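Q: So the protein lines, in turn, are chains P and B.
Each position in the first sequence, counted from 1, maps to that position plus 468 in our numbering.
Each position in the second sequence, counted from 1, maps to that position plus 468 in our numbering.
From the three backbone atoms N, C-alpha and C, an ideal C-beta is built for every residue, glycine too.
Here the structure is a predicted model, which means the values were calculated and not measured.
Just passing along the structure, written as structure tokens.
2 protein chains.
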Amino acid sequence: LFPDQIKKFIEIFSKLPSIGPRQATRLAFYFISIGKNNLEEISNAVENLKNIQICSNCFFIHSNQDNLCNICSDKNRRKDLVMIVEKETDLISVERTKKFNGRDLVLGEMAKGGILDSVQKLRIGQLKNFIQKTCPEPAKGTHGAAEEIIIATNLTTYGDLNALVIRKELSDFSKKFSRLGRGIPTGGEIEFADEETLEQAIERRS
Amino acid sequence: LFPDQIKKFIEIFSKLPSIGPRQATRLAFYFISIGKNNLEEISNAVENLKNIQICSNCFFIHSNQDNLCNICSDKNRRKDLVMIVEKETDLISVERTKKFNGRDLVLGEMAKGGILDSVQKLRIGQLKNFIQKTCPEPAKGTHGAAEEIIIATNLTTYGDLNALVIRKELSDFSKKFSRLGRGIPTGGEIEFADEETLEQAIERRS
Numbered sequence: 469l470f471p472d473q474i475k476k477f478i479e480i481f482s483k484l485p486s487i488g489p490r491q492a493t494r495l496a497f498y499f500i501s502i503g504k505n506n507l508e509e510i511s512n513a514v515e516n517l518k519n520i521q522i523c524s525n526c527f528f529i530h531s532n533q534d535n536l537c538n539i540c541s542d543k544n545r546r547k548d549l550v551m552i553v554e555k556e557t558d559l560i561s562v563e564r565t566k567k568f569n570g571r572d573l574v575l576g577e578m579a580k581g582g583i584l585d586s587v588q589k590l591r592i593g594q595l596k597n598f599i600q601k602t603c604p605e606p607a608k609g610t611h612g613a614a615e616e617i618i619i620a621t622n623l624t625t626y627g628d629l630n631a632l633v634i635r636k637e638l639s640d641f642s643k644k645f646s647r648l649g650r651g652i653p654t655g656g657e658i659e660f661a662d663e664e665t666l667e668q669a670i671e672r673r674s
Numbered sequence: 469l470f471p472d473q474i475k476k477f478i479e480i481f482s483k484l485p486s487i488g489p490r491q492a493t494r495l496a497f498y499f500i501s502i503g504k505n506n507l508e509e510i511s512n513a514v515e516n517l518k519n520i521q522i523c524s525n526c527f528f529i530h531s532n533q534d535n536l537c538n539i540c541s542d543k544n545r546r547k548d549l550v551m552i553v554e555k556e557t558d559l560i561s562v563e564r565t566k567k568f569n570g571r572d573l574v575l576g577e578m579a580k581g582g583i584l585d586s587v588q589k590l591r592i593g594q595l596k597n598f599i600q601k602t603c604p605e606p607a608k609g610t611h612g613a614a615e616e617i618i619i620a621t622n623l624t625t626y627g628d629l630n631a632l633v634i635r636k637e638l639s640d641f642s643k644k645f646s647r648l649g650r651g652i653p654t655g656g657e658i659e660f661a662d663e664e665t666l667e668q669a670i671e672r673r674s
């Protein structure tokens with residue numbers, strides 16, 4: 469009953485993250501209903517993403533001529549302060565705060581077992597190279613070390629475990645390691661905070 | 469921080485039905501991560517939908533050379549038995565049962581107020597034309613009438629109201645009007661049926 473074009477569309481879109489066959493079918497009929505010009509605008513928006521590059525340094529996305537993203541090519545940002553995030557969207561949230569003036573490493577989402585896959589090992593290797601190249605040699609060591617690495621994995625049990633794994637991997641490459649602060653979200657009511665959050669908020673009172 | 473291509477993608481995809489800005493952002497990064505060839509396959513799948521036609525008779529989709537869909541061009545299907553559905557996906561569900569051998573009208577989703585918009589009025593007008601052309605003249609009337617029109621809107625309060633509106637619109641054009649059967653779904657347990665469904669199931673016992 470379905471023309472081939474729709475079958476193909478549904479087959480492809482059903483496999484996209486958080487789109488199932490039902491939503492893919494609905495999208496197909498929506499796309500058909502909006503007319504050829506609007507449809508072309510949408511397919512162009514997809515196709516134009518192929519011009520996006522990945523930064524050879526921090527693995528964040530960019531569309532610059534050289535191999536570096538806007539953050540890595542910004543000379544005003546500290547090189548010896550690094551934030552490691554799992555997802556690009558995490559980095560974007562951090563950048564929106566304008567409170568971080570270091571550089572980043574986009575690691576990719578880690579498996580729940582706290583194991584680094586081959587891509588992630590490569591990226592951590594790249595960070596080690598970068599630190600060796602750009603940071604001054606520490607008192608004790610044979611290679612340079614960053615002042616601080618903030619390991620910004622989620623503040624969940626799995627995130628904590630993953631942070632430990634990353635820290636172990638990089639232990640020689642930074643003088644200090646940190647995690648994002650824990651506590652009650654701004655605007656949050658104490659009555660509704662869960663026990664663990666409240667416990668952390670008391671310990672980290674300021 | 470976002471390159472223009474990503475901004476544009478998120479802007480466009482955020483507006484699609486049941487995709488918000490967060491899912492659009494996630495999709496953008498997913499598309500970037502899959503490589504140029506896979507990305508092209510996806511944009512082609514979208515673009516190829518422009519070859520889909522709408523049947524000039526029942527407004528279902530097709531990719532045939534002439535103006536008619538597979539159902540309307542099937543000579544073995546009854547012309548005097550019509551099912552009116554709101555959505556293409558409703559029609560597809562009906563066709564999958566292989567229990568319906570008439571023709572259809574895809575009306576488009578009706579507003580909750582039970583008001584037909586201009587497109588829907590046009591489509592009902594087209595059905596009237598078709599019935600006049602293809603159905604034998606009834607005993608009493610000045611124009612042809614179908615044997616039966618099944619008004620397959622949802623079996624909800626709004627769906628029932630919409631069915632009444634459609635029926636009023638077509639009252640001269642069919643000898644009989646019907647709705648889909650109500651009752652306990654196959655596999656359903658009586659204990660868990662809501663009161664209204666059970667009531668309907670008792671009334672319509674067979």
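#1: Cutting at 6 Å between CB atoms, please list the residues of its own chain near phenylalanine 489 of chain B, excluding the five before and the five after it.
#2: Scan the stretch 560 to 573 of chain B for residues whose Cβ lies nearer than 7 Å to a Cβ of chain P and list them as they occur along the chain.
#3: So with CB distances below 7 Å, who are the chain B contacts of leucine 469 of chain P?
#4: Taking only beta carbons into account, state which residues of the stretch 492 to 511 of chain B come closer than 8 Å to chain P, listed in chain order.
#5: Quick one: give me the first and last residue of the beta strand (DSSP E) that aspartate 572 of chain P is part of.
#6: Determine the DSSP secondary structure at phenylalanine 620 of chain P, reduced to helix, strand or coil.
#7: Output yes or no for whether 8 Å exceeds the beta carbon distance between glycine 570 of chain P and leucine 595 of chain P.
#8: Between lysine 644 of chain B and glutamate 616 of chain B, how many whole angstroms is the CB-CB distance? I'm expecting something under 8 Å.
#9: For the structure I just gave you, are there three or more beta carbon pairs, one from the stretch 575 to 588 of chain B and one from the stretch 545 to 562 of chain B, closer than 8 Å?
#10: Tell me whether isoleucine 533 of chain B is buried or exposed, calling it buried when 16 or more other Cβ atoms sit within 10 Å of its Cβ.
#11: Could you tell me which residues DSSP pairs with valine 553 of chain B in its beta bridges?
#12: Can you tell which of P:Asn506, P:Ile522 and P:Cys540 has its C-alpha closest to the C-alpha of threonine 602 of chain P?
#13: Given this structure, state the Cα-to-Cα distance separating isoleucine 529 of chain P from glutamate 667 of chain B, to the nearest angstrom.
#14: Per the DSSP calculation, glutamine 521 of chain B is bridged to which residue(s)?
#15: What's the gap between the Cα of aspartate 585 of chain P and the Cα of leucine 632 of chain P?
#16: For chain P, check one thing: does any of its Cβ atoms lie closer than 8 Å to the Cβ of valine 514 of chain B?
#17: For the alpha helix (DSSP H) that aspartate 472 of chain B lies in, which residues bound it at each end?
#18: Near asparagine 506 of chain P, which residues of its chain fall below 8 Å by C-beta distance, leaving aside the five closest residues on each side in sequence?
#19: Rounding to the nearest angstrom, what Cα-Cα distance links alanine 496 of chain B and arginine 591 of chain P in this structure?
#20: Let me check understanding here. Comparing Cα to Cα, which of B:Val514, B:Asp628 and B:Ile652 lies closest to serine 501 of chain P?
#21: Return yes when the Cβ of aspartate 558 of chain B is within less than 8 Å of the Cβ of alanine 620 of chain B, no when it is not.
#22: Helix, strand or coil: how does DSSP classify alanine 677 of chain P here?
#23: Could you tell me whether the Cβ atoms of isoleucine 560 of chain P and leucine 536 of chain B are closer together than 8 Å?
#24: Is serine 646 of chain P helix, strand or coil when you go by DSSP?
#25: When Cβ atoms are compared, which residues of the stretch 516 to 548 of chain P fall closer than 7 Å to chain B?
#26: Using a beta-carbon distance below 8 Å, is phenylalanine 477 of chain P in contact with chain B?
#27: Under 8 Å between C-beta atoms, does leucine 484 of chain B make it to chain P?
#28: With H, G and I counted as helix, E and B as strand and the rest as coil, what does DSSP make of alanine 614 of chain B?
#29: Can you name, in chain order, every residue of its own chain whose Cβ lies under 7 Å from the Cβ of leucine 629 of chain P, other than the five neighbours on each side?
#30: Can you tell me whether DSSP reads serine 674 of chain P as helix, strand or coil?
#31: Quick one: give me the first and last residue of the alpha helix (DSSP H) that threonine 654 of chain B is part of.
#32: So which residues on chain P does glutamine 473 of chain B lean against when the C-beta distance must stay under 9 Å?
#33: Going along chain P, which residues have a C-beta under 9 Å from threonine 557 of chain B?
#34: Should isoleucine 552 of chain B be flagged as near chain P, meaning a C-beta pair shorter than 8 Å?
#35: Short of 6 Å in beta carbon distance, which residues of its chain neighbour isoleucine 487 of chain B, apart from the five on each side in sequence? Order them along the chain.
#36: Go ahead and label serine 524 of chain P buried or exposed: buried means 16 or more other beta carbons lie within 10 angstroms of its beta carbon, across all protein chains shown.
A: According to the structure shown:
#1: Checking the sequence, you will find proline at residue 489 of chain B rather than phenylalanine. Cβ within range, chain order: Ser482.
#2: Ile560 and Glu563
#3: Asn538, Ile560 and Glu563
#4: Thr493, Arg494, Leu495, Ala496, Phe497, Tyr498, Phe499, Ile500, Lys504, Leu507, Glu508, Glu509, Ile510 and Ser511
#5: 571 to 574
#6: Before going further, note that residue 620 of chain P is alanine rather than phenylalanine in the sequence given. Three-state DSSP puts alanine 620 of chain P in a strand.
#7: Against a cut-off of 8 Å, the Cβ pair of leucine 595 of chain P and glycine 570 of chain P comes out as no contact.
#8: Rounded, the Cβ-Cβ distance is 4 Å, consistent with contact.
#9: yes
#10: The amino acid occupying residue 533 of chain B in the given sequence is glutamine; isoleucine does not appear at that position. That one is exposed.
#11: Paired residue(s): B:Val574 and B:Ala620.
#12: P:Cys540
#13: Just so you know, the alpha carbons of isoleucine 529 of chain P and glutamate 667 of chain B end up roughly 59 Å apart.
#14: B:His530
#15: 15 Å
#16: yes
#17: Per DSSP, aspartate 472 of chain B belongs to the alpha helix (DSSP H) from 472 to 482.
#18: none
#19: 21 Å
#20: Per the Cα distances, B:Val514.
#21: Their beta carbons are under 8 Å apart, which means alanine 620 of chain B touches aspartate 558 of chain B by this criterion.
#22: No information on residue 677 of chain P is available, as it lies outside the stretch 469 to 674 that chain P covers here.
#23: No, they are not a contact pair.
#24: Strand at serine 646 of chain P.
#25: Asn516, Leu517, Lys518, Asn519, Ile520, Ile529, His530, Ser531 and Asn538
#26: yes
#27: yes
#28: strand
#29: Gly582
#30: coil
#31: Premise fails: threonine 654 of chain B is in no alpha helix (DSSP H) and is neither H nor E.
#32: Ala513, Asn516, Leu517, Lys518, Asn519, Ile520 and Ser531
#33: Arg490, Thr493, Arg494 and Phe497
#34: no
#35: Phe481
#36: Taking every protein chain shown into account, the CB of serine 524 of chain P has fewer than 16 other CB atoms within 10 angstroms, so this residue is exposed.
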